Ligand code: SF4
């Protein structure tokens, strides 16, 4: 027998219109002047929303500005090679966001005449676009009454309506989307959704929310019940798995060997120093020999440990150790699609992950 899905429903009740008007009044005077708020162009909204996932506003602003200097239109982005797109994203992390955005924009240009469709079902089919991004693009750019519920908004709604369900559960997210939809006032989805996000970012913050300055305080059930600090409820995610990674710094006739990661998966399509995961129980230098031989058909002689970098991803922690090495006499440097020998002054043309940039910064003459 098929399992029945648990469904939840939250109700905004008769407070919805007062909540919306208090929130919109606050937003009209307190919103930040952010570059993506100066435009209703769906392409600009889309890029800002993708960049802002998991990334702070202050970090995003310079990337956002440079992005539109390089790719001012959907067409310009669609025509750009992936290498250039990754270079523009270099340092922002979560690189699948950039690759998906690039592919989705190519689809918009190919299938929708270069215009982001004003249709949630079509936008939801684009690569990397989930329910939050659909709601954000279509409500902000086209003023469509579609909720945009991310972690900030779930935190705020949990408190406002005293909801103790785990916000990491898909059923809770769906129910919150239903609740947020009830709150959107007719014809004001664009401002309302942005106002909810802004209040979550500036006032109803994860720690020390500024309840005394909050425009929704008199509607807030968690404030009335003294429950603000214990909401939202969120199951702890697993601790990131530690992984040991070896990188080799190999110069040959003044050129450095770099390798391109496979285009899908972690840091897909980015360049790095050759190496890989250290097999369990194997010494670091021995692992460097093995990884260079098996991965690139090269025999190397390891010289010395250069530097170590710790890098935390959402699900992994890298202990990345770099060793200087040189080619053994029987090895010859060969180039391919995914291996290049590059003069140090040309490294800036390639997109590297932050962890590998730190190693490159330790090379003589680069720090
Ligand atoms: Fe959040 Fe406090 Fe405002 Fe309630 S009163 S919505 S807890 S900031």
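Residue numbers (the working numbering): 680 to 1046.
Glycine included, every Cβ here is placed at the ideal spot set by N, Cα and C.
Given the structure is predicted, the values throughout are model-derived calculations rather than measurements.
Length at least 4, wholly inside the region 923-979: the alpha helix (DSSP H) runs in chain order: 963-975
Length of the line joining the Cα atoms of residue 923 and residue 955: Counting from 1 along the chain shown, the entry for residue 923 is found at position 244. Counting from 1 along the chain shown, the entry for residue 955 is found at position 276. Residue 923 and residue 955: Cα-Cα distance of roughly 9 Å.
Local Cβ density within 10 Å of residue 1011, reported as buried at 16 or more and exposed below that: Start at 1 with the first residue of the chain shown, and residue 1011 comes out as number 332. Counting Cβ neighbours within 10 Å, residue 1011 comes out exposed, since fewer than 16 surround it.
Contact under 8 Å by Cβ, residue 940 with residue 933: For the purposes of this step, residue 940 is taken as residue 261 along the chain shown, with counting starting at 1. For the purposes of this step, residue 933 is taken as residue 254 along the chain shown, with counting starting at 1. Not a contact, by the Cβ cut-off of 8 Å.
Buried or exposed (CB count within 10 angstroms, at least 16 for buried), residue 888: Locating residue 888 in the chain shown gives position 209, where the first residue counts as 1. Buried is the call here.
Proximity test, residue 907 beta-carbon vs ligand 1 heavy atom, cut-off 7 Å: Locating residue 907 in the chain shown gives position 228, counting from the first residue. Checking the Cβ of residue 907 against ligand 1 gives yes.
Helix, strand or coil at residue 851 according to DSSP, with G and I counted as helix: Start at 1 with the first residue of the chain shown, and residue 851 comes out as number 172. Note: residue 851 maps to helix in three-state DSSP.
C-beta atoms of residue 828 and residue 856 nearer than 8 Å: Residue numbering aside, residue 828 sits at position 149 when the chain shown is read from its first letter. Residue numbering aside, residue 856 sits at position 177 when the chain shown is read from its first letter. Cβ atoms of residue 828 and residue 856: closer than 8 Å.
Per-residue burial, residue 873 [other beta carbons within 10 Å of its own, 16 or more giving buried]: Numbered from 1 along the chain shown, position 194 holds the residue referred to as residue 873. With 16 or more Cβ atoms within 10 Å of its Cβ, residue 873 is classed as buried.
C-alpha gap between residue 770 and residue 1043, whole angstroms: For the purposes of this step, residue 770 is taken as residue 91 along the chain shown, with counting starting at 1. For the purposes of this step, residue 1043 is taken as residue 364 along the chain shown, with counting starting at 1. Going by the C-alpha atoms only, they are around 22 Å apart.
Member of 1016, 754, 995 whose CA lies at the smallest distance from the CA of residue 921: By one-based count along the chain shown, residue 921 stands at place 242. When only C-alpha atoms are compared, the closest one is 995.
Continuous alpha helix (DSSP H) stretch holding residue 1031: start and end: In the chain shown, the residue the question calls residue 1031 occupies position 352. It is not in any alpha helix (DSSP H) - residue 1031 carries neither H nor E in the DSSP assignment.
Buried or exposed (CB count within 10 angstroms, at least 16 for buried), residue 942: In the chain shown, residue 942 corresponds to position 263, counting from 1. Exposed, since its Cβ has fewer than 16 Cβ neighbours within 10 Å.
Segment limits, alpha helix (DSSP H) that includes residue 1011: What you label residue 1011 is simply residue 332 of the chain shown in a count that begins at 1. No alpha helix (DSSP H) holds residue 1011; DSSP gives it neither H nor E.
Alpha carbon of residue 1035 to alpha carbon of residue 815, nearest angstrom: For this step, residue 1035 is matched to residue 356 along the chain shown. For this step, residue 815 is matched to residue 136 along the chain shown. Residue 1035 and residue 815: Cα-Cα distance of roughly 33 Å.
heavy atom of ligand 3 below 7 Å from residue 1031 C-beta: Ligand 3 is absent from the structure shown, which contains only ligand 1.
Length of the line joining the Cα atoms of residue 895 and residue 905: In the chain shown, the residue the question calls residue 895 occupies position 216. In the chain shown, the residue the question calls residue 905 occupies position 226. Each residue's alpha carbon lies about 15 Å from the other.
From 723, 731, 773, 765, residue whose alpha carbon lies closest to that of residue 753: Here residue 753 refers to the residue found at position 74 of the chain shown. Comparing Cα positions, the closest option is 723.
Simplified DSSP state of residue 797, which is helix, strand or coil: Position 118 of the chain shown, counted from the start, is the residue given in the question as residue 797. It is coil, neither helix nor strand.
Nearest-angstrom Cα separation, counted from residue 919 out to residue 869: By one-based count along the chain shown, residue 869 stands at place 190. By one-based count along the chain shown, residue 919 stands at place 240. Computed Cα separation, rounded: 37 Å.
Where the alpha helix (DSSP H) through residue 746 begins and ends: By 1-based counting over the chain shown, the position of residue 746 is 67. It spans 736-749 - the alpha helix (DSSP H) in which residue 746 sits, taken as one unbroken run.
Distance CB(residue 927)-CB(residue 953) smaller than 8 Å: Your numbering for residue 927 matches position 248 in the chain shown. Your numbering for residue 953 matches position 274 in the chain shown. A contact, by the Cβ cut-off of 8 Å.
Residue 938: CB within 7 Å of a non-hydrogen atom of ligand 1: As a position in the chain shown, residue 938 is number 259, starting the count at 1. Checking the Cβ of residue 938 against ligand 1 gives no.
Nearest candidate by alpha-carbon position, reference residue 835, set 907, 1037, 998: Locating residue 835 in the chain shown gives position 156, counting from the first residue. The option with the nearest alpha carbon to residue 835 is 907.
Straight-line gap, residue 682 to residue 807 (C-alpha atoms, nearest Å): By one-based count along the chain shown, residue 682 stands at place 3. By one-based count along the chain shown, residue 807 stands at place 128. Its pLDDT being 47, under 50, residue 682 is placed unreliably by the model, and the measurement read from it follows with that caveat. So the two alpha carbons sit approximately 29 Å from each other.
Proximity test, residue 896 beta-carbon vs ligand 1 heavy atom, cut-off 7 Å: Translated into the one-based positions of the chain shown, residue 896 becomes position 217. Yes, the Cβ of residue 896 comes within 7 Å of a heavy atom of ligand 1.
C-beta atoms of residue 950 and residue 1002 nearer than 8 Å: As a working note, residue 950 is residue 271 in the chain shown. As a working note, residue 1002 is residue 323 in the chain shown. Cβ distance not < 8 Å, so residue 950 and residue 1002 don't count as in contact.
Span of the beta strand (DSSP E), counted from its first residue to its last, around residue 729: Mapped onto the chain shown, residue 729 falls at position 50. Run containing residue 729: none in the beta strand (DSSP E); it sits in the alpha helix (DSSP H), 721-731.
Expected contact under 8 Å - CB spacing of residue 979 and residue 1004 to nearest Å: Locating residue 979 in the chain shown gives position 300, where the first residue counts as 1. Locating residue 1004 in the chain shown gives position 325, where the first residue counts as 1. At roughly 4 Å, the Cβ-Cβ gap stays under 8 Å, so residue 979 and residue 1004 are in contact.
Identity of the residue in 911, 867, 730 nearest residue 847 by Cα: Taking the first residue of the chain shown as 1, we reach residue 847 at position 168. Cα-wise, what sits closest to residue 847 is 911.
Three-pair Cβ contact test at 8 Å for the region 791-803 versus the region 702-713: no
Per-residue burial, residue 862 [other beta carbons within 10 Å of its own, 16 or more giving buried]: Sequence index remark: in the chain shown, residue 862 carries index 183 (1-based). By the neighbour-count rule (16 or more Cβ atoms within 10 Å), residue 862 is buried.
Helix, strand or coil at residue 856 according to DSSP, with G and I counted as helix: Residue mapping note: residue 856 aligns to position 177 of the chain shown, counting from 1. Reduced to three states, the DSSP call for residue 856 is helix.
Cβ shell of residue 854 (< 7 Å), same chain only, five flanking positions each side left out: In the chain shown, the residue the question calls residue 854 occupies position 175. Contacts found: 687, 688, 689.
Residue 810 at chain D interface by Cβ criterion, 8 Å: No chain D is present in this structure, which holds just one protein chain.
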